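Taking it in order: structure first as structure tokens, then the write-up.
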Ligand code: AMP
Ligand code: MG
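In our numbering, the protein residues as written are 8 to 357.
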């Protein structure tokens, strides 16, 4: 009998290291109170940190950030039966569905990432994701089963109409899945909500999708630790961010092993099998939506084509661990990443 092992690493391929900061003393009149709260949304732990002039101001901004994440979850989650995306999927092959500017925006941005990654990023991959169902059901779909789904994954059959504000999927059975880009988008929008609420600086982290703005009291940038893809809880490298997002896609987040082979949740649209070139890809970009879309797309492209794409793009950097465990760092990041200190553990976030 086959030996099957399911390993699910709970969210957390990147963590923001704020240890030792707590609530800083008020000194120069600059905002100096740091508050952090964590809740569960979009199927993952969402941590929001705000720097404000007072406890109350920081907490108000955090509440605004969480509200925005919850609002977007109601639009984009395919786990919520009456979300906009669920309604778009349910109407596949039948009729266009009116959607909000946010849903339209995420889908259009996802199409752009698809173009940039030559189809490696594909939000129409939903039927194949379901066939693999990596988190719940460790069975291998047959080649015939997967090939039969292929016509449903044609991105040209996704019509996002800006003028009509509708999305239409051409064929019955198509499903769009923004799991590879939606959290980054939500992090961006939550930051905008926090800034409107008066936060001077902060971080929104939806598991491994993180957007930072401003600096910590005292002028430090936000230090972010990237998880080692094969040593649970160990830090691979650290990098300091300001007004930047980072997102990590890894084959250790959701996977099962069968006969010594790892089957994970990021699928290559060309083969409909788990992508094989990388163990993890972290992308740094100005916006979370790009960092999140590109980490998944680059994971599929593999280290060579993926890093070549990063080097062609302005304001995008990457840290890739390839299948053999070798580290690749993009040229703009080489002077910015640092090795962890002696302990090198992720540790509890504070
Ligand atoms: P991430 O953790 O950002 O890499 O996103 C992973 C999620 O994106 C998966 O759980 C799937 O829902 C979805 N996904 C898997 N493969 C692809 C792909 N090739 N293109 C776009 N989304 C994908
Ligand atoms: Mg992604």
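Think of the CB as a built atom: it goes at the ideal place given N, C-alpha and C, for glycine as much as any other residue.
What you are looking at is a predicted structure, and each value in this text was computed from that prediction instead of being measured.
Item to complete: Apply the 10 Å Cβ neighbour rule to residue 124 and answer buried if 16 or more other Cβ atoms are within range, or exposed otherwise.
Response: Here the question's residue 124 lines up with position 117 in the chain shown. Per the 10 Å Cβ criterion, buried.
Fill in: Cα-Cα separation between residue 37 and residue 86, rounded to whole angstroms
Working through the chain shown from its first residue, we reach residue 37 at position 30. Working through the chain shown from its first residue, we reach residue 86 at position 79. Cα-Cα distance, rounded: 42 Å.
Worksheet item: Leaving out five residues before and five after residue 84 in sequence, what residues of the same chain have Cβ atoms less than 6 Å from its Cβ?
Response: To locate residue 84, count along the chain shown from 1; it is residue 77. Once the five neighbours on either side are set aside, the close Cβ partners of residue 84 are 90.
Worksheet item: So, using beta-carbon positions, are residue 120 and residue 301 closer together than 8 Å?
Response: Within the chain shown, the letter at position 113 stands for residue 120. Within the chain shown, the letter at position 294 stands for residue 301. The answer is yes: Cβ separation under 8 Å.
Worksheet item: Are the Cβ atoms of residue 58 and residue 224 separated by less than 8 Å?
Response: Counting from one through the chain shown, the residue named residue 58 turns up at place 51. Counting from one through the chain shown, the residue named residue 224 turns up at place 217. Yes, Cβ-Cβ distance for residue 58 and residue 224 is below 8 Å.
Discussion item. What does the Cβ neighbour count give for residue 169, buried or exposed, with the cut at 16 atoms within 10 Å?
Written reply: Sequence index remark: in the chain shown, residue 169 carries index 162 (1-based). Burial call: exposed.
Worksheet item: So does residue 256 have its beta carbon nearer than 7 Å to some heavy atom of ligand 2?
Response: Within the chain shown, residue 256 is the residue found at index 249, counting from 1. Yes, the beta carbon of residue 256 sits closer than 7 Å to at least one heavy atom of ligand 2.
Fill in: Simplified DSSP state of residue 337, which is helix, strand or coil
Reading the chain shown from its first residue, position 330 is the one you call residue 337. Coil at residue 337, not helix or strand.
Practice prompt. Quick one: using the 10 Å Cβ neighbour count with 16 as the cut-off for buried, is residue 286 buried or exposed?
Written response: Your numbering for residue 286 matches position 279 in the chain shown. Answer is buried; the Cβ neighbour count reaches 16.
Discussion item. Per the DSSP calculation, residue 73 is bridged to which residue(s)?
Written reply: Residue mapping note: residue 73 aligns to position 66 of the chain shown, counting from 1. Answer is none; residue 73 lacks a bridge partner.
Item to complete: Output the boundary residues of the alpha helix (DSSP H) element that contains residue 303.
Response: Position 296 of the chain shown holds residue 303. Run containing residue 303: 295 to 308, per the alpha helix (DSSP H) assignment.
Discussion item. Under 7 Å: does the beta carbon of residue 51 sit that close to some heavy atom of ligand 2?
Written reply: Walking along the chain shown from the start, residue 51 turns up at place 44. Checking every heavy atom of ligand 2 against the Cβ of residue 51, none is found closer than 7 Å.
Discussion item. Check this for me: beta carbons of residue 325 and residue 337, under 8 Å apart or not?
Written reply: The count along the chain shown starts at 1 and reaches residue 325 at position 318. The count along the chain shown starts at 1 and reaches residue 337 at position 330. Yes. Within cutoff.
Worksheet item: Anyone know if the C-beta pair for residue 308 and residue 49 falls short of 8 Å?
Response: Position 301 of the chain shown holds residue 308. Position 42 of the chain shown holds residue 49. Not a contact, by the Cβ cut-off of 8 Å.
Discussion item. So if DSSP puts residue 257 in a beta bridge, which residue, or which two residues, is it bridged to?
Written reply: As a first step, residue 257 is located in the chain shown; it is residue number 250 there, counting from the start. Looking at the DSSP assignment, residue 257 forms a beta bridge with 287.
Discussion item. For ligand 3, I want to know if residue 188 counts as a neighbour, meaning its beta carbon is within less than 7 Å of at least one of the ligand's heavy atoms.
Written reply: Ligand 3 is absent from the structure shown, which contains only ligand 1 and ligand 2.
Discussion item. For residue 207 and residue 248, what's the separation of their Cα atoms in angstroms?
Written reply: Locating residue 207 in the chain shown gives position 200, counting from the first residue. Locating residue 248 in the chain shown gives position 241, counting from the first residue. Computed Cα separation, rounded: 15 Å.
Discussion item. My output table needs one value for residue 31: the three-state DSSP class, helix, strand or coil.
Written reply: Your numbering for residue 31 matches position 24 in the chain shown. Its pLDDT being 45, under 50, residue 31 is placed unreliably by the model, and nothing is read from it.
Discussion item. I'd like the list of long-range same chain contacts for residue 178, defined as Cβ closer than 7 Å, with 5 residues on each side in sequence excluded.
Written reply: Numbered from its first residue, the chain shown carries residue 178 at position 171. Excluding sequence neighbours, residue 178 sits near 99, 100, 158, 159, 164.
Item to complete: Please name the residue or residues paired with residue 229 in a DSSP beta bridge.
Response: Residue numbering aside, residue 229 sits at position 222 when the chain shown is read from its first letter. Bridge partners of residue 229: 248.
Fill in: Nearest neighbour of residue 293, chosen from 254, 272, 314 [CA to CA]
In the chain shown, the residue the question calls residue 293 occupies position 286. Ranking the options by Cα distance to residue 293, first place goes to 254.
Fill in: Alpha-carbon to alpha-carbon, residue 147 and residue 60
Reading the chain shown from its first residue, position 53 is the one you call residue 60. Reading the chain shown from its first residue, position 140 is the one you call residue 147. Their backbone Cα atoms lie some 54 Å apart in a straight line.
Worksheet entry | Start-to-end residues for the alpha helix (DSSP H) that takes in residue 118 | In the chain shown, residue 118 corresponds to position 111, counting from 1. Where residue 118 is concerned, the enclosing alpha helix (DSSP H) stretches over 108 to 123.
Worksheet item: Helix, strand or coil: how does DSSP classify residue 223 here?
Response: Looking up residue 223 in the chain shown gives position 216. It is coil, neither helix nor strand.
Discussion item. Let me make sure I understand the geometry here. Which of 318, 237, 264 has the alpha-carbon closest to that of residue 141?
Written reply: On the chain shown, position 134 is the one that residue 141 refers to. Among 318, 237, 264, the Cα nearest to that of residue 141 belongs to 264.
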